[in-house]
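Worksheet: one structure, shown below.
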Amino acid sequence: MPHSSTMATHSGIPLTFTVRRCKPEFVAPAKPTPCEQKLLSDIDDQASLRFQAPLVHFYRHQPSMEGKHPAEVIRTALAQTLVLYYPFAGRLREGANGKLIVDCNGEGVLFIKADVDVLSKLSKLQTVFILMKVLV
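Each residue of the sequence shown is one higher than the one before, counting from 21 in the working numbering.
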């Protein structure tokens, strides 16, 4: 679903762009992983650490990647990485006394592909972070 926005560049000239955000999907490990539960350590299980931060990465077109879609390369690499780091593909659950447990179930991680037609027009990376309001 395309979303059009306008923002001011560092020179003050308005720049109009379109963001196309694809349907969210889960990327699961590329191979079967152990189905188990892991208790978090007391250091990792602090109430002050129980929050989620949205993360957006921006990638410029690279001529060496011709014929390969960057999102597919990232999706494939993520699936392969989750085989080795399989707890990240699981879910946090509260156990006895509110202690957090990682349910290593291989459900995967959320992946949302988006395209924007403005990155090549921007000359300063910091202005790109304004796009996060549209993408997240």
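Don't be surprised by glycine CBs; every beta carbon is placed ideally from N, CA and C.
V93: buried (16+ other C-beta within 10 angstroms of its C-beta) or exposed?
exposed
Inter-residue spacing [alpha-carbon to alpha-carbon] between E86 and D64
In a straight line, the C-alpha of E86 is about 42 Å away from that of D64.
Ordered list of alpha helix (DSSP H) runs contained in the segment 68-125, each at least 4 residues:
90-104
If we count the other Cβ atoms within 10 Å of its Cβ and call it buried at 16 or more, is C55 buried or exposed?
exposed
How about R95 and F46: are their beta carbons less than 8 Å apart?
no
Quick one, are the C-beta atoms of R41 and A134 less than 8 Å apart?
yes
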